[in-house]
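Just so you know, we're using this note's numbering here: the sequence shown kicks off at 1291 and counts up by one.
Encoded as structure tokens, the structure appears first; notes follow it.
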Amino acid sequence: GAPPRAAAAIGAHGEGWPEWAPRVRASSAIAGQTPAFRLLVDAPWPFSDREYAIAPSFHEHAGRLLLFWDGATERLSPPAKGVVRLSRVRGGFSFEEDAGLGTTRVVYTHESDLGGRLPAWAEDGSNRRGPVGVLRGLRRALGRAAGREPTEERRPFE
């Protein structure tokens, strides 16, 4: 398994999210004193894409590496036509080494108001499939960083 610092480094690199985070189509750094990233999320047709900004922070606490973010939408320029801006978003990761197992326990949390008008089935699908997709994507990114892809029998997130 990957050490917690390797997992946290991938999560902390906001510009790299399109490579592993489901539906994140684009990401870019936002200029300012504190780090922040703009994320453009590809919504399925016929829904409009979503855009938001996050300002991440990194802490160590009780043997865990904590990467959490709050919304930073106020730092964005006006949205492009056809893009819905998420006004409320926060979330993060907790990374902790499982002593003796050689693995890293990852906890992911994300809370947002998806904005606009979405039917209940679309919101429910996003809430159920989104976190699993994020964890799968992070695992694949860790495998690529280590020069290998995860094997089928080592996919605990399915």
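Glycine residues also receive a C-beta, built at the ideal position from the N, C-alpha and C atoms.
Check	Outcome
Per-residue burial, residue 1428 [other beta carbons within 10 Å of its own, 16 or more giving buried]	buried
Assumed close pair residue 1325, residue 1317 - CB separation to whole angstroms, cut-off 8 Å	No, residue 1325 and residue 1317 are not in contact; Cβ-Cβ is about 12 Å, not under 8 Å.
Inter-stretch contact (C-beta, 8 Å, three-pair minimum) for the stretch 1374-1390 and the stretch 1329-1342	yes
Reference residue 1328; option with closest CA among 1352, 1355, 1362 and 1300	1362
Alpha-carbon spacing of residue 1419 relative to residue 1426, whole angstroms	11 Å
Beta-carbon proximity list for residue 1300, same chain, < 6 Å, skipping 5 on both sides	1431
Residues sharing a beta bridge with residue 1350, DSSP	1355
Cβ pair residue 1351, residue 1381 closer than 7 Å	no
Limits of the alpha helix (DSSP H) - the one that residue 1299 falls within	1294-1302
Three-state class that DSSP yields for residue 1393 in the structure shown	strand
Distance CB(residue 1435)-CB(residue 1357) smaller than 7 Å	no
Exposure label - residue 1295; buried when at least 16 CB within 10 Å	exposed
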